[in-house]
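For the sequence shown, this note's numbering begins at 12 and goes up steadily by one.
Using N, Cα and C, we set each Cβ at its ideal position, and we do this for glycine too.
Nothing here was measured: the structure is a model prediction, and the numbers come from that model.
Take a look at the structure below.
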Amino acid sequence: MSTLFSPLQLRGLKLSNRIMVAPMCQYSAQNGEANDWHFTHINSLALSGAAMFCIEATAVEATGRITPGCLGLWNDATEAALKPIIASARKRSKAAIAMQLAHAGRKASSHTPWDGGQLIPLSEGGWRPEGPSDLPHKESETPPLALDAAGLARIRDAFADSAKRAERLGLDALEVHCAHGYLLHQFLSPISNRRADQYGGSLQNRMRFPLEVFDAVRAAFPASKPVGLRVSSTDWVEGGWDIAQTIELAKELKKRGVDWIDASSGGVSPQQKIPLGPGYQVPFAQAVKEATGLTTIAVGLITEAKQAEEIVSSGKADMVALARGMLYDPRWGWHAAADLGGHVDAPPQYWRSQPSTQKALFGATTFGTR
Ligand SMILES: Cc1cc2nc3c(=O)[nH]c(=O)nc-3n(C[C@H](O)[C@H](O)[C@H](O)COP(=O)(O)O)c2cc1C
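The following block contains the structure:
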């Protein structure tokens, strides 16, 4: 019996297995609006066999996009663009659809990765990023504007507004992006947050804005639907954010009803030294789970079915999320189910692909021809 292919209940949402397609920026939107690329991408990966597909980091306001191509959900046009794509995925797939709500903070106004990923200056059509403090991500860059009280309120409200739009789109779950050196992580980390007010200094102060945003999103989304949070568990920099502080954050989030902690790492400092290797972030999910009892998602270089099975069956995490592995093998979940003796839902158009040795891979399917 595979634990990876056992169900998981998150509030009113029942997931048929423990696999999530991790959020993946596509840098392909125009004015934040999804298009034919997103249609293909979302519809394809909604059929991966993962019980949950998480839509990429989706900006809650235009200036919160990492790149000009980042997806958004801040106005009627961005909402309308996603509607037919989600409707199509619903017709073909039983996977839950989540969305990651995000604000890039000081890492906004960047070129797409395939154009080098560096800050786009104002003179080349970029915009002035905002952050907790006027500290740039890289020393040579123009500093961001430090957010004032009105700016904080605007962004908090934008997160709540996007959560309401996500509910109108019928999405099943939300993940608050508090990782990878983007705005909410910038508040947590002493590397990027040098504020002297109630949002900077002590751990309690640095957590304040991310917690306020979480509360605003939670309040704006139906109580029957889960809201999780992705955190960078460590900055991988001496004196930065670390796993001990992550556990304190998770405890605060638990009090506020968080439904999962998706334990990633890094992204706030170019000085980071990441010891990459298979499952290198799993110990963070495990540490949060052990300290808080919260549902955790392990992510990062999880590529093999047996590796994923071991992570969840040993109780290190409750779910796994895969990003690059899903792009490389968009039926990763099907192949993992075949390896582990699990079942996945597949659309009838594809039932005939079932291997002859795996008669129950797609459940009790029958088909005939004359
Ligand atoms: C193309 C691409 C886009 C990504 N975009 C996001 C994103 O929108 N939000 C996020 O939190 N992480 C993003 N990530 C990070 C992944 O979600 C994941 O945490 C990371 O790639 C490690 O998992 P993997 O080894 O399975 O790829 C992205 C990764 C890739 C490869």
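- Only residues of its own chain outside the window of five on either side were considered, and among them Ala68, Ile77, Ala113, His114, Ala115, Gly116, Lys118, Gly278 have a CB closer than 8 Å to the CB of tyrosine 193, listed in chain order.
- Collapsing the DSSP output to three states places arginine 241 in a strand.
- The count of Cβ pairs closer than 8 Å, one atom from the region 231–240 and one from the region 16–33, reaches three, so the stretches are in contact.
- In this structure, leucine 312 has its beta carbon less than 7 Å from a heavy atom of ligand 1.
- Within the DSSP secondary-structure output, methionine 330 pairs in a beta bridge with Ile308.
- Contact between the region 84–102 and the region 47–63 is present: three or more C-beta pairs spanning the two stretches fall below 8 Å.
- Residue burial is scored here from C-beta neighbours: glutamate 141 has at least 16 other C-beta atoms within 10 angstroms and is therefore classed as buried.
- If you keep only unbroken beta strand (DSSP E) runs of at least 3 residues inside the region 142–208, you get 184–189.
- Using a 10 angstroms sphere on the CB of serine 151, the tally of other CB atoms stays under 16, which defines it as exposed.
- Ranked by how close their Cα comes to the Cα of histidine 49, the residues Val242, Trp252, Pro124, Ala92 have Ala92 in first place.
- Of the heavy atoms belonging to ligand 1, none sits nearer than 7 Å to the Cβ of histidine 346.
- Taking non-hydrogen atoms of ligand 1 into account, the C-beta of methionine 63 is found less than 7 Å away from none of them.
- Between the alpha carbons of leucine 195 and arginine 381 lies a distance of about 59 Å.
- Inter-residue distance for glutamine 209 and arginine 217 is about 8 Å (C-alpha atoms, whole angstroms).
- Where leucine 24 is concerned, the enclosing beta strand (DSSP E) starts and stops at 24–26.
- Straight-line spacing of the CA atoms in serine 325 and glutamine 297 works out to 10 Å.
- For glutamine 111, the CB falls within less than 7 Å of some heavy atom of ligand 1.
- Residue environment analysis places lysine 105 among the exposed positions, since fewer than 16 neighbouring C-beta atoms fall within 10 angstroms of its C-beta.
- Where serine 275 is concerned, there is no enclosing alpha helix (DSSP H), although the beta strand (DSSP E) around it starts and stops at 272–275.
- A residue is called buried once 16 or more other Cβ atoms fall within 10 Å of its Cβ, and tyrosine 361, having fewer, is exposed.
- For the set Gly379, Ser367, Pro358, Gly75, the Cα lying nearest the Cα of arginine 101 is the one of Pro358.
- Annotation: the continuous alpha helix (DSSP H) that includes leucine 264 extends over 254–266.
- Per DSSP, the continuous beta strand (DSSP E) segment holding valine 32 begins and ends at 30–32.
- DSSP places glutamate 301 within a helical segment (H, G or I) once states are collapsed to three.
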